[in-house]
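Residue numbers (our numbering), protein chains in the order written: chain A, 1 to 294; chain B, 1001 to 1316; chain C, 2001 to 2317; chain D, 3001 to 3498; chain E, 4001 to 4309. Okay, so here's the structure we're looking at.
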Amino acid sequence: MSSMTGIAARWMAGYRGTPVSRAFGSWLGKIAGGFLVLLVLTAIFAPWITPFDYAAQDLTNGNAPPGWPHLLGTDQFGRDVLSRVIYGARTSLSVSATAIAISITAGMTLGAAAGYFGGFFERAVMTVVDLTWSFPDILIALIFVAIIGPGLTSTTFAIAIAYLAQFTRLTRAQIVRLKRETFIEATINLGAKPHHILLKHLLPNAIAPVIVVGMLAIGDGIVLEATLGFFGLGAQPPTPSWGAMMSSGTAQLFLSPWVIIFPGVVVAVTVIAVNLFGDELIRALDIRDRIRGS
Amino acid sequence: MLEVRDLEVAFGPVAPLSGVSFSLEKGETLGIVGESGSGKSLTAMSVMGLLPLSGGRITAGSIMFDGQDLTNLPEPAYRKLRGGRLGLITQNPMTSLDPLQKIGPQVDAVARLHLGMNASEARARTVEILGTLRIPEPGTICNRYPHQMSGGMKQRIVIAMALAADPDVLVADEPTTALDVTVQAQIIRLLDDLVKERDLSLVLITHDMSVVAQTCDKVVVMYAGRAIEHGPVEAIFDAPQHPYTQALIGCIPKGLSDDEHLTGIPGTVPNVLNYPKGCPFHPRCTQAKEICATDVPAFVQHGNGQAACHFPGAPQ
Amino acid sequence: MTNLLEVRNLSKQFKSPGGPFRKARAMHAVNDVSFDLPKGRVVGVVGESGCGKSTLARLILRLIEPTDGTLRFDGEDLRAKSPAQMRKLRANMQMVFQDPYSAIDPRYTISRAVMEPFVVQDRKPASKPEEEVAALLRMVGLDPGLASSFPHQISGGQKQRVGIARALALRPQLLVLDEPTASLDVSVQAQIISLLEQLRDDLGLTYLFISHDLSLVRYFCDEILVMYLGRVVEALPDTDLPARHPYTATLMDSTFAPDPKLRRIITPLEGEVPSPFDLPPGCAFADRCPRAAAICRTETPVLSSDGGHAVACHNPI
Amino acid sequence: QEATIAFASGELGATSYNPVTSSNLNSATSLIYDRLVEQDADQSYHPHLATSWEESADGMSWTFKLKEGVTFHDGTEFNAQSVADWIPDFADTENAFLVAAIDAVEVVDNLTVKFVMSRPEPNLLYNLASSFMGIPGAAAYDEMGDNFGVTGAVGTGPFKLDRFDIGLETVLVRNDDYAWASDLSENQGAAHLAQVTFREIPDQSTAFLELKTGGVDILLGVPTDFLQILKAESNVAVIQMPGTGINYMPINVTAPPFDDIKVRQATGLAINQEAIVASIYNGVGAPAHNFLISSLPEADVDPALDVRHDLDKANALLKDAGWIMDSDGVRVKDGTRLSVKLFTQNGTEFTSLTQVVQAQLADIGMEAIITVFDSSTIRDEYKENRHQLAVRGYDWNNSDILDWFFSGKRLGYPNVSMWTDAEGQRLNDVAMEESKNSEERIANFKAYHEYILSQHLFVPIYQPTTNIAYNTNKVNVPDPIRGTRFRAQTVLDITVAE
Amino acid sequence: MLWRYIFFRVLMLIPVSFSISVVIFMIVHLLPGDPIDNLIRVGSSPDDRAALITKYGLDQPLAIQYLRWIGAMFQGDFGEAIVLRRPVADLIAQNLPYSLALGGLAFAFSSIVGIILGTISATTRSKIVEQFMRGFILLGSTVPGFWLALLMILFFAVQLQWFPVSGAGGWSALVLPVLTIGFGGVALVARVTRVALLDVKREDFVMLLHAKGLPSYKILFGHLMPHALLPVVTILALRIGWILGGAVTVEFVFGRPGLGSLLIRALGQRDYPVVQGCLLMLALAVMLGTLIGDVAQAAMDPRIREAKT
Ligand SMILES: Nc1ncnc2c1ncn2[C@@H]1O[C@H](COP(=O)(O)OP(=O)(O)OP(=O)(O)O)[C@@H](O)[C@H]1O
Ligand SMILES: Nc1ncnc2c1ncn2[C@@H]1O[C@H](COP(=O)(O)OP(=O)(O)OP(=O)(O)O)[C@@H](O)[C@H]1O
Ligand SMILES: [Mg+2]
Ligand SMILES: [Mg+2]
């Protein structure tokens, strides 16, 4: 009998328009979302907006401090840091986003199957998933890269695997919860086949929290990519990625700190923006309850 | 004992409650009825001073309790009243007790807080009260956890907590809605007895007209955040003045004769965000005239009761 | 008068899964229930929370598998049907659920929800989809303009009407109504009940009406089954008959009349409902029964029609 | 009177100070154990526990005179029997190859010991000078068993093992009885330092910060990247020792287009060693033009065979080989782009170097795609013959490294060039097996080296230096450092600054 | 009985560990390369290599190798490291205390600070404080550990010289690593605490607590916190794997030994017995963590206790 209260509260929170537009509603959402949009545009148009070729070396002008024409200075090979940071957005964002997309797809499939079929299958999947979930993600990623070899593709898959458990758990939790909803029983009672239930009801309803958590995980993915870069894995030189730049010889921290300070700052700001916007989305979609506990 | 006058409650820009007035004497039972969302719980929360918990605020009106206006009572003083002279019984016994704590300490807390008892005195009191509420083996019950008990039992524990400090006024917000009919009957009977034995004043909030008919001395009928009619229980049932009250009574299956027909009230209850102008009931009222859509009706005295209607007493 | 539904010795046990940590426990949610549902009649089932009403409804619709018993629907043995046959048959037997708030997929518009039965059953509606939706909505007294709304945009009563429209879309013969108004306000309850009355008359439906509200059942139904802890303890062929089972009597006593002049002293039942997991031997009501005798605690009474309508009591009133 | 020394990053992870069985030893080992002979930076051998030695003309026996008055840390005497007890311990260990040519050890008298050889081994002295041939006290060795080198260690060295926290630090205390230093040290008595702590600091910048803040006094193996910063620190001095290795780029001769010797040669000519030393190494270290470190006599090859930057020649060679420059700056032959895989292993020094190499290869129209592997995986790649070019390095101050990297018996790894050739094998066999003494050996290896150079199997790039930085407020470290590495002989001479 | 439950749960670990050991063994042997190349040095002959392969049984079929390993494991023998030349049990025993000290303290730090921050941000009425907390919490999880570690060293060890730059000697050397790791954990714990607190605040019984006249602090500490801690405890218990193995980068930067560093080093050298031993240890710790979490939940929540026993 309190559902009126719920609806009223949502209306009062501005429960109008699409979730994304609602997430943009608050000033925090505007700033964070705006930054992210800008970042994605930067990544897409990187080749046109970088002032220099990100790979062009000028060994005579290595480690130049920020100034003109290299606004953020140059690295030890004399490459323009600004151009590399801009291009790095491309690598870091696409690696992380692709990884999470893969992770979501696989995780949803596994989680949905586990949640839907239940029984031994579910227990087996969830045992493995819980175990990997409790393993430090960096270890999972490191082992995986060690097995299939370095490179952006393997980094992408490593990140995907490191976060697979999270999405599997989340999806399964959603499905198990949804399975108990009356409308599922009602649909079964209409004579619906299992695939109809799964594809037309369970998955569409489970997807929103998974996407939002996925969005938050993109931030974690960027950090993980950076950490893999610290171990010399990930983007292969001279391709710039933020992680690779941040860890390109920590000696640089003293000699030419701008080489690793700037990418670090960009990572921090991006991840914060991702988190803030994700929080706004959660609020807009009103799915805080559903995300919890996974 | 308790007199509420022109109470208005707001959450930010919306005012889900306005113009609620009623009064209550010692030993009296006042029923507040109305459909879901009509503001019954808000009224209870206002009296208990618990509105700030959910972010609400009393914007107008007064709540006089024993000669003192509660609307501007500072929180520490209010805290003394709550659980002390003002007891609350909530709607859902299933979720009203802390599931992680044993029953005993939860009830003891009241006596310790308001009567300044030590642990063993408080426990003795708890056992005594549980006993008077006809709970078998009160001693062992104290060591049980809430989930080990049935709904009716839990509701009695909640009542015991409300009674532990000998309150003057008991506010019961739908105390039986979540319970089975047989259990409901027990609880209602229990409350009735308590009012008589202890000379309590009881505010009984419910959406069930039959419960009101069975227990109350006075009734307030609420609709869309407003009290639209109040008066002695007989008057309300015999000669309801407000069309809404009339319609509400018509919705109850008497279950005895075959020739009656339920019709319901056409339309839907308005939402806080689109409370109609004028008389809140006018869009669903068969008697509505132009004025009903523009002017908020004032209370019109009728017998011992009052109804806020431009055309009171008109047959539906 | 033919029986649309014949239920014989229907039982359902829920087993709490055992494991290395605890014993498996069985619980009889529905225990040896038999009754007939004649075509065109409204049979009511009343009982307190947890007595197995919803489980009975699910069993009848084969949403869960019975542990025991037979089900005949329109002369056919339901339990012998394959899942595919059963899916087809579902078009003939529909259900309206207790909680309208979660009975429609929140991502579906009203029109999509109402059209889903056709999609699921792979049937073409008689007319164009939009018209069919409008017709169905009108049939349950809803404004066809609501078709494009989402469930969260409409009220509980409206949702329940959508639920009914969905259930009726395929023109079933049997409608199981599981406390369709329990979560609605009285004014809305009255609307829904009168709608159901009207639909029964218009469409010649057969209802199994489940409720915990005895006065509502007495008002709405032709026959009443009273359930207590999974068993039918009394079958009243007529709603005006006085109770023979002490439990039914208590139930009637506990219902208040909406009239302050009819106030009476309530004699409340003492004792607790026993846990369905470890039922005592004998009559489950014995511990709370004012008329209980020694035999009540040792022998389970069976439904018998000696001396009046069917009642399961050693010592009927 | 203490000093704290941070290991070079290549020395980390030793789990035991047992020189006989370990496959990984660090600099601290040389402070605990003395060797029979020492090797200086100029590759000459110096007496230590052996005062003199004699090789028979046929190379089939070696006789060592031992120093008198040497005692182990546990008080037992060091004599010929100690040596006779020690050599057999190598049997069945991973280090057995060091003494594989020794057939038997004969105690001639208390201070004279004779190695009877199963074949001539001109390289014996080199082996004896290695850390793995520090001499443990036989009694303690047998007694402690597996724990020797972990919970305790007994040698004759200037320091005794006090405490060993694996992966963290090793504390050594002075052996006050020490009076048998080699002539590589000034100080012939006990060490000036009463205690030396060696610390393992994996991250080089952390190690640098420790030096800066006084957490360590001496930093071994400072990466070249840091030299510039270190120079800016007023209280830090840096000593450069000639390195003992080469960074180079092996070329897989079986992988097209490198099956064409012209392409291989052109690749070598594209690399500008001098520019690399000047830019990424800040002028520290030396360019490498052949496969061996310059202090080895075998490195002194025909100058025509040295690999030196020559873009014009490289371009001409490629054109000759049919690789034509395309509009996008990458050469093409028969529709195939001159795009090759350039592997390297993780570790910043290699990744930076590889990136410059990549840029330089671009100058001759060769596109190199870099992949960075961990060391185990890259070896697997080599073995599976999936590589074309690789940037790597070795650290070995002996010409038998040529056999190691170019012997046809070790194709894939370590023979990353995948090179096998009859003439090469013949020269290898001669150098490895038919050298009776060191002069012969030098001549044979030089011939082998020259032949290898003529085949363009790799591109030499850089001879690193070993950089040792220390806090001048805390310690004085002799400069130059003698010996091939930072070892006991240097630590003996370290004094504490006032 | 809770004890009975714990006993059977521990018993269940045995079959699960077996399946996990198979997976771990497979993973380890999927890695390209082998440990032998890390053993042989310049001067050894190709035959020496072959001999080593035979010596360590690496030429045997995988199944045999597995059975040998697990068989020895069964007798409490973790085997001998191939490259690191020590009994694996010794290596783990040497590194474990460091991991436990660092991980345990970081764990304690992030739990305590996280719970405090989460509580403040869930109970404060000041928007500014709440946003500030939120920003602070966010910051913790947004920068890679190695980066934070370097900045910490630069500021606290080099500039202020409050703590040593690196090493594992004494308590002061623990401060910076603990802070670095703990910072990330604080974010997680604070977030969970905050959400859990906000949730239970909405529960019906809380209103009744207010209606009893209990002062806010009593409600918070006596009733809300126990509820909020339930999910926090679960999350924390599941993070035990992080305590033991998650500190690799921080260990690296601060030059500390530890299980994570050992594992990474052994992984790089393909030191199979060590990698297997460490991973199995971690997996056991993780399962034990789950168990502890479940038991803690059961101990804290009578409903769960009843359902499980
Ligand atoms: N925290 C809140 N914020 C905004 N609006 C609120 C809040 N709490 C209640 N309301 C609004 O106030 C109105 C009255 O609510 P109240 O809970 O008093 O109704 P009620 O009569 O008790 O209903 P029910 O029978 O469902 O308990 C509702 O329309 C609701 O939407
Ligand atoms: N899927 C299930 N598994 C286990 N037990 C169940 C299941 N479904 C129902 N039960 C149990 O069976 C008993 C009867 O449940 P049922 O839902 O049929 O009661 P009901 O009469 O419909 O009650 P209500 O009036 O509360 O809806 C209850 O004790 C319930 O806990
Ligand atoms: Mg209410
Ligand atoms: Mg039910």
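We put the beta carbon where it would ideally sit given N, CA and C, even for glycine. The structure displayed is predicted, hence computed values, not measured ones.
query = Got a sec: does ligand 3 put a non-hydrogen atom nearer than 6 Å to the Cβ of A:S92?
reply = Checking the Cβ of A:S92 against ligand 3 gives no.
query = With DSSP run on the structure shown, which of helix, strand or coil describes B:P1297?
reply = Taken through DSSP and simplified to helix, strand or coil, B:P1297 comes out as coil.
query = Is DSSP giving D:W3062 helix, strand or coil here?
reply = It is a strand residue.
task = Compare the Cα-Cα distances from C:E2179 to each of C:P2117, C:P2100, C:L2241 and report the closest residue.
result = Of C:P2117, C:P2100, C:L2241, the residue nearest in Cα terms is C:P2100.
query = By DSSP, does C:V2273 sit in helix, in strand, or in coil?
reply = Coil at C:V2273, not helix or strand.
query = Beta-carbon separation of B:D1006 and B:G1061 under 7 Å?
reply = Yes.
message = Only counting the same chain, and skipping five residues up and downstream in sequence, which positions put a Cβ closer than 6 Å to that of D:D3183?
response = Cβ neighbours of D:D3183 beyond the five flanking positions: H3046.
message = Just verifying my parser: in three-state terms, what is the DSSP assignment at B:G1019?
response = Judged by DSSP in its simplified three-state form, B:G1019 adopts strand.
request  = Could you check the C-alpha separation between C:D2032 and E:G4222 for me, to the nearest Å?
outcome  = Their Cα atoms are separated by approximately 48 Å.
request  = Using alpha carbons as the reference points, say which of A:P150, A:D130, A:T239 lies closest to E:T4234.
outcome  = Out of A:P150, A:D130, A:T239, A:D130 has the C-alpha closest to the C-alpha of E:T4234.
message = Here's the rule: buried if 16 or more other CB atoms are within 10 angstroms of the residue's CB, otherwise exposed. What is E:L4229?
response = Buried is the call here.
inquiry  = Tell me whether C:C2221, by its Cβ, gets closer than 6 Å to a heavy atom of ligand 2.
reply    = No, since every heavy atom of ligand 2 falls outside the 6 Å radius drawn around the Cβ of C:C2221.
C-beta neighbour in chain A for C:M2095, strict 7 Å = For C:M2095, the answer is yes, since a Cβ of chain A falls inside 7 Å of its Cβ.
ask   = Does the beta-carbon distance from E:V3949 to E:V4232 come in below 7 Å?
value = The structure shown has nothing for residue 3949 of chain E, since chain E only spans 4001 to 4309.
task = Compute the minimum distance between the beta carbon of C:K2015 and the heavy atoms of ligand 3, and state whether it is under 6 Å.
result = Ligand 3 has no heavy atom closer than 6 Å to the beta-carbon of C:K2015.
query = Tell me the DSSP bridge mates of C:F2035?
reply = Beta-bridge pairing links C:F2035 to C:V2007.
query = Quick one: complete beta strand (DSSP E) runs, 3+ long, within the stretch 3078-3149 of chain D?
reply = The qualifying runs are 3102-3109, 3112-3117.
key: Cβ-based burial, D:W3323 [other Cβ within 10 Å; buried from 16]   = Buried is the call here.
message = Please give me, in chain order, every unbroken run of the alpha helix (DSSP H) with length at least 4 that falls completely inside the stretch 1189-1272 of chain B.
response = The stretch 1189-1272 of chain B contains these whole alpha helix (DSSP H) runs: 1209-1215, 1233-1238, 1243-1250.
request  = Tell me whether B:K1040 counts as near ligand 3, meaning its Cβ is closer than 6 Å to at least one heavy atom of that ligand.
outcome  = Result yes, Cβ under 6 Å from ligand 3.
message = What I want to know is whether the C-beta of B:V1272 ends up closer than 6 Å to one or more non-hydrogen atoms of ligand 1.
response = Indeed, a heavy atom of ligand 1 lies less than 6 Å from the Cβ.
query = Looking at B:P1093 and ligand 6, is the gap between the Cβ and the nearest heavy atom below 6 Å?
reply = What this structure holds is ligand 1, ligand 2, ligand 3 and ligand 4, not ligand 6.
Near ligand 1: B:P1146 beta-carbon under 6 Å from a heavy atom = No, the beta carbon of B:P1146 sits no closer than 6 Å to any heavy atom of ligand 1.
CB-CB length for B:G1039 against B:M1222, believed under 8 Å = Indeed they touch by this definition, with Cβ atoms about 6 Å apart.
inquiry  = Counting only beta-carbon separations shorter than 7 Å, does D:S2951 have a partner in chain E?
reply    = Any question about residue 2951 of chain D goes unanswered here, given that chain D covers just 3001 to 3498.
query = Along chain E, in chain order, which residues have C-beta atoms closer than 8 Å to that of B:L1170?
reply = Those within 8 Å of B:L1170 in chain E number zero; the least Cβ separation is about 11 Å.
task = Could you please give the first and the last residue of the uninterrupted beta strand (DSSP E) stretch that includes C:T2070?
result = Unbroken beta strand (DSSP E) run through C:T2070: 2068-2073.
Exposed unless 16 or more other CB atoms sit within 10 angstroms - verdict on A:G221 = Counting Cβ neighbours within 10 Å, A:G221 comes out buried, since at least 16 surround it.
inquiry  = If you reduce the DSSP assignment to three classes, tell me which class A:F77 lands in.
reply    = Coil, per DSSP.
Heavy atom of ligand 1 within 6 Å of A:P257 beta-carbon = Checking every heavy atom of ligand 1 against the Cβ of A:P257, none is found closer than 6 Å.
ask   = Among residues of its own chain, excluding the 5 on either side of A:V145, which ones have a beta-carbon nearer than 6 Å to its beta-carbon?
value = So the list reads S154, A158, L233, once near-sequence residues are dropped.
key: A:L36 - containing alpha helix (DSSP H), residue span   = Under the DSSP assignment, A:L36 falls in the alpha helix (DSSP H) whose first and last residues are 27-44.
query = Any beta-carbon of chain A closer than 7 Å to the one on C:S2102?
reply = Look at C:S2102: its C-beta is under 7 Å from a C-beta on chain A.
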